[in-house]
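Trainee: Order-wise, the sequence lines are chains A and B.
Numbering-wise (my numbering), the first sequence opens with residue 11 and increments by one.
Numbering-wise (my numbering), the second sequence opens with residue 214 and increments by one.
Take a look at this one; I'll ask things after.
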Amino acid sequence: MSAALEFLRARTIFALILLLALFVGFVELVRPGTVTPLWVSNALMFAAPLAIMGGGQTLVMLTGGIDLSVSAVATGSAYLLATNASHGDFYALAIALSLGAIVGAVNGIGVALLRVQPLVMTLGTGLMTGGVMIVYSQQMMASQPHVPGLIQTLGAGKLAGFVPVDLFLWLIVGGVILFGLHRTGFGRLVYAVGDNAEACHLAGVRVWRVLFVDYLICSVLASITGLVLVGGTNAADLSLAESYLLPSVACVVIGGTSIFGGRGGYGGTIVGALILTVLTSLLTLLDVSEPAKQILFGAIILVLAAAYARLTE
Amino acid sequence: MTSGAFVRALAMPALLTVALALTRLAHPTFGAFDIQSLALGALPLALAAAAQAIVVISGGIDLSIGSQIAIANVLSASLMQHADFRQSLMISVLVLAAGAGLGLVNGVVVALSRIPDVVATLTTGFIFGGGALLILERPGGGAPAAYLNLAAGQDFGPWLPNGLIVMILGVAAVWAPIRLTRIGLLIYAAGSDPIAAFRSGVDVRAARTIAYLFSGIACAIGGMALTMTTGIGAPLAGAYYTLSSVAAIVIGGVSLTGGRGGMVGPVVAALLLTLAPMDLVFLGIDPNYGQVIQGALIVLVVMAAGFYAYWRERK
Numbered sequence: 011m012s013a014a015l016e017f018l019r020a021r022t023i024f025a026l027i028l029l030l031a032l033f034v035g036f037v038e039l040v041r042p043g044t045v046t047p048l049w050v051s052n053a054l055m056f057a058a059p060l061a062i063m064g065g066g067q068t069l070v071m072l073t074g075g076i077d078l079s080v081s082a083v084a085t086g087s088a089y090l091l092a093t094n095a096s097h098g099d100f101y102a103l104a105i106a107l108s109l110g111a112i113v114g115a116v117n118g119i120g121v122a123l124l125r126v127q128p129l130v131m132t133l134g135t136g137l138m139t140g141g142v143m144i145v146y147s148q149q150m151m152a153s154q155p156h157v158p159g160l161i162q163t164l165g166a167g168k169l170a171g172f173v174p175v176d177l178f179l180w181l182i183v184g185g186v187i188l189f190g191l192h193r194t195g196f197g198r199l200v201y202a203v204g205d206n207a208e209a210c211h212l213a214g215v216r217v218w219r220v221l222f223v224d225y226l227i228c229s230v231l232a233s234i235t236g237l238v239l240v241g242g243t244n245a246a247d248l249s250l251a252e253s254y255l256l257p258s259v260a261c262v263v264i265g266g267t268s269i270f271g272g273r274g275g276y277g278g279t280i281v282g283a284l285i286l287t288v289l290t291s292l293l294t295l296l297d298v299s300e301p302a303k304q305i306l307f308g309a310i311i312l313v314l315a316a317a318y319a320r321l322t323e
Numbered sequence: 214m215t216s217g218a219f220v221r222a223l224a225m226p227a228l229l230t231v232a233l234a235l236t237r238l239a240h241p242t243f244g245a246f247d248i249q250s251l252a253l254g255a256l257p258l259a260l261a262a263a264a265q266a267i268v269v270i271s272g273g274i275d276l277s278i279g280s281q282i283a284i285a286n287v288l289s290a291s292l293m294q295h296a297d298f299r300q301s302l303m304i305s306v307l308v309l310a311a312g313a314g315l316g317l318v319n320g321v322v323v324a325l326s327r328i329p330d331v332v333a334t335l336t337t338g339f340i341f342g343g344g345a346l347l348i349l350e351r352p353g354g355g356a357p358a359a360y361l362n363l364a365a366g367q368d369f370g371p372w373l374p375n376g377l378i379v380m381i382l383g384v385a386a387v388w389a390p391i392r393l394t395r396i397g398l399l400i401y402a403a404g405s406d407p408i409a410a411f412r413s414g415v416d417v418r419a420a421r422t423i424a425y426l427f428s429g430i431a432c433a434i435g436g437m438a439l440t441m442t443t444g445i446g447a448p449l450a451g452a453y454y455t456l457s458s459v460a461a462i463v464i465g466g467v468s469l470t471g472g473r474g475g476m477v478g479p480v481v482a483a484l485l486l487t488l489a490p491m492d493l494v495f496l497g498i499d500p501n502y503g504q505v506i507q508g509a510l511i512v513l514v515v516m517a518a519g520f521y522a523y524w525r526e527r528k
């Protein structure tokens, strides 16, 4: 028993995968016959936006930060896309993604150059983004928002009726993140800065550049998440991604990335996002009211995060 | 009190006075009615700010404040709907106990689970939000007129609305037990340097749990104040207060690294944050920019504080 625990402690990713299998088992147990290839395909489709947003969150958490503006950025990008779609798809897409770039750059400047605590900086920019979107939505009342077909395919489409289209986007984003973190100098610097920013500075690393790029990527990924989400729902409103803030943080924490920086990686986040998606599916099967679902979801996240903290202690 | 501390204590009230004077200049009819709506608007926020200040001083941060306020709001509004004034007062005690319970949950989770405050309270906030929806699915409920009058009335003349008095008494009710006893010392010590505090024999985890407990009580008062000022319970009304409470303490001079700051600053900041959107209306600007201004203020204030620290280091 203790040998098994020791093994899991050394290779926590296996513990996570075991947990994921356990949750899938629960789903099958609660309603036998649920876990079909179609169910798996749907789970992957719903996990993709969360995992993409979690990718950005992983990057900033590895440096010891956090981004609380991701849900506002995702919502804003989705809204901008839908309201500008009448001017052409690519124009709308550019506007939507530029919101992520702008907020990310502001976050980056604040955190990297002006040394504002990430929590406060991103809380502030999140508030500002939300406020601007409210004002913007009131001026946009007249025009008819619609989601471009391309984005609808991205968010809800399935290749050959089975492989979700957003899975490909996830594979690309995930591949780039994993390659970037483990095979490039930038990735090593992200870990190094998270481990000890002061030492990096003394060693001649331009810490601000690492942080700036980090926050920029995080916001752009949040922006992309917003596009996937609005493609899935085909309706943009100002509460679209509100419920994604906690899961985006939780999938990283459950995935074993330390919020104090320097430890963890995207692999854990991927499994974390899958676990949370299966958990949502499980709670839906249990046929409980929406508020009760919310309470259970939060409570299980707490238990998982606490258990993980104990395991790696 | 050193002269520096004296200046800092007076800076925020002075800023509020200037802001009020400027408002009066821009809008000459600004009078007793506007003071009343300012007090009503700022009342729940002032208590949210007090709740956040206590936790942050102890070295944590509470992202569940909005949900705690929502629970107190819907709990009081749903229980008081058909109650008379005396019963409502008894229900208030119950709501206070419930608020203390929620605060204790936060404190215990943070102290025992080793999950960082941000993640822990983000999650408990999510859970409490579900709880608020469970109590009252959609806006509704109510409270007897005499109870609403506790905050909405003007028993002491038009220039001294009850809301202002409830604000001061409510904040004092949670802050006095901390400031006037050993608890305050423990909380400040735990926040300013947990390791040094631990080595001096302070039970840091207990100190921070107590801070969350008092914060929960402040949230309960804030939630009931929201019932008094709006007359109903709304399960989603709390969301605004989580972010704004952080804005208020940052502007009010509470250091986010813990151990530093007082209570006058955050409460005055709550008044300023409520005055800003009112001024926008007076100036003919969309009041929704208020949220943008709040966000910008948070960031600018923290940047200024950072620059100030940097400049002092260099000197």
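In this text, a Cβ means the ideal position worked out from N, Cα and C, and glycines have one as well.
Nothing here was measured: the structure is a model prediction, and the numbers come from that model.
(1) Does the stretch 132-139 of chain A come into contact with the stretch 74-93 of chain A, if we say contact requires no fewer than three beta-carbon pairs (one atom in each stretch) closer than 8 Å?
(2) Could you confirm whether any beta carbon from chain B is found closer than 8 Å to the beta carbon of A/A315?
(3) For A/V83, decide whether its Cβ has a neighbour in chain B, counting only Cβ atoms nearer than 8 Å.
(4) Between which two residues does the alpha helix (DSSP H) holding A/A246 run?
(5) Is the CB-CB distance between B/Q507 and B/L486 below 8 Å?
(6) Could you compute how far the alpha carbon of B/A252 sits from the alpha carbon of B/M225?
(7) Please list the residues of the stretch 315-330 of chain B that have a C-beta atom closer than 7 Å to any C-beta atom in chain A, keeping them in chain order.
(8) Beta carbon of B/G435, beta carbon of B/A261: below 8 Å?
(9) Can you give me the C-alpha to C-alpha distance between A/T73 and A/A61, rounded to a whole angstrom?
(10) Can you look up B/P329 in the DSSP assignment and give me helix, strand or coil?
(11) How about B/M214: is its C-beta nearer than 8 Å to some C-beta of chain A?
(12) For A/V215, name the three-state secondary structure that DSSP assigns.
(13) Helix, strand or coil, according to DSSP, for B/G446 in the structure here?
(14) Starting from the Cα of B/D416, find the closest Cα among B/S271, B/H240, B/A222, B/I248 and give me that residue.
(15) Please work out which residues of its chain come closer than 8 Å, Cβ to Cβ, to A/I305, disregarding the five sequence neighbours upstream and downstream, and give them in chain order.
(16) A/I119 lies in the alpha helix (DSSP H); which residues open and close that run?
(17) Report yes or no: is there a C-beta of chain B within less than 8 Å of the C-beta of A/V126?
(18) In chain B, what lies closer than 9 Å to A/G118 by C-beta?
(19) Alpha helix (DSSP H) containing A/P197: first to last residue?
(20) Would you grab the beta carbon distance between B/G472 and B/S405 for me? Rounded to a whole angstrom, and I think it's under 8 Å.
(21) Under 8 Å between the Cβ atoms of B/T442 and B/A356?
(22) Can you find a CB in chain B that lies within less than 8 Å of the CB of A/P326?
(23) Checking contacts by CB at 8 Å: is A/P301 closer than that to chain B?
(24) Tell me whether B/W372 is buried or exposed, calling it buried when 16 or more other Cβ atoms sit within 10 Å of its Cβ.
(25) Give me the Cα-Cα distance between A/S258 and A/G277, rounded to the nearest whole angstrom.
(26) How about A/V298 and A/A88: are their beta carbons less than 8 Å apart?
(27) Using a C-beta cutoff of 8 Å, does A/T22 count as contacting chain B?
(28) Helix, strand or coil: how does DSSP classify B/G353 here?
(29) When you compare the CB of B/G543 with every CB in chain A, is at least one pair closer than 8 Å?
(30) Under 8 Å Cβ-Cβ, which residues of chain A neighbour B/V332?
Mentor: On the basis of the coordinates in this document:
(1) As far as the Cβ criterion goes, the stretch 132-139 of chain A touches the stretch 74-93 of chain A, which means the pair count is three or higher.
(2) With a threshold of 8 Å between beta carbons, A/A315 makes contact with chain B.
(3) No, A/V83 lies away from the interface with chain B (no Cβ there is under 8 Å from its Cβ).
(4) Careful: A/A246 lies outside any alpha helix (DSSP H) and carries neither H nor E.
(5) Yes. Within cutoff.
(6) Spanning the two alpha carbons is a distance of roughly 17 Å.
(7) Going along the stretch 315-330 of chain B in chain order, one finds V322, S326, R327, I328, P329 with a Cβ nearer than 7 Å to chain A.
(8) Less than 8 Å separates the beta-carbon of B/G435 from that of B/A261.
(9) Distance between the alpha carbons of A/T73 and A/A61: 19 Å.
(10) Coil.
(11) Annotation note: pLDDT 47 at B/M214 (below 50); position unreliable, coordinate value reported separately. Not closer than 8 Å to any Cβ of chain A, the Cβ of B/M214 fails to qualify, so no.
(12) Here A/V215 sits in coil by DSSP.
(13) Three-state DSSP puts B/G446 in a strand.
(14) Closest option to B/D416, Cα to Cα, is B/S271.
(15) Counting only Cβ-Cβ distances below 8 Å, and skipping sequence neighbours, we find nothing.
(16) According to the DSSP assignment, A/I119 belongs to no alpha helix (DSSP H), since it is labelled neither H nor E.
(17) Yes, because at least one Cβ of chain B sits closer than 8 Å to the Cβ of A/V126.
(18) For A/G118, no chain B residue has a Cβ inside 9 Å of its Cβ, as the nearest lies near 13 Å away.
(19) Just to set this straight, residue 197 of chain A is Gly in the shown sequence, not Pro. Looking at the DSSP string, the run of the alpha helix (DSSP H) that includes A/G197 is 195-205.
(20) Contact flag correct, Cβ pair sits at about 3 Å.
(21) No, they are not a contact pair.
(22) Outside the displayed span of chain A (11 to 323) sits residue 326 of chain A, for which this structure offers no information.
(23) Nearest CB-CB separation between A/P301 and chain B: below the 8 Å threshold.
(24) By the C-beta density criterion, B/W372 is exposed, having fewer than 16 other C-beta atoms within 10 angstroms.
(25) Cα to Cα, the separation comes out at about 14 Å.
(26) Their beta carbons are not under 8 Å apart, which means A/V298 does not touch A/A88 by this criterion.
(27) No - not a single Cβ of chain B is within 8 Å of the one on A/T22.
(28) Here B/G353 sits in strand by DSSP.
(29) Residue 543 of chain B is absent from the model: chain B starts at 214 and stops at 528.
(30) Correct list: V259, A260, V263, I269, A315.
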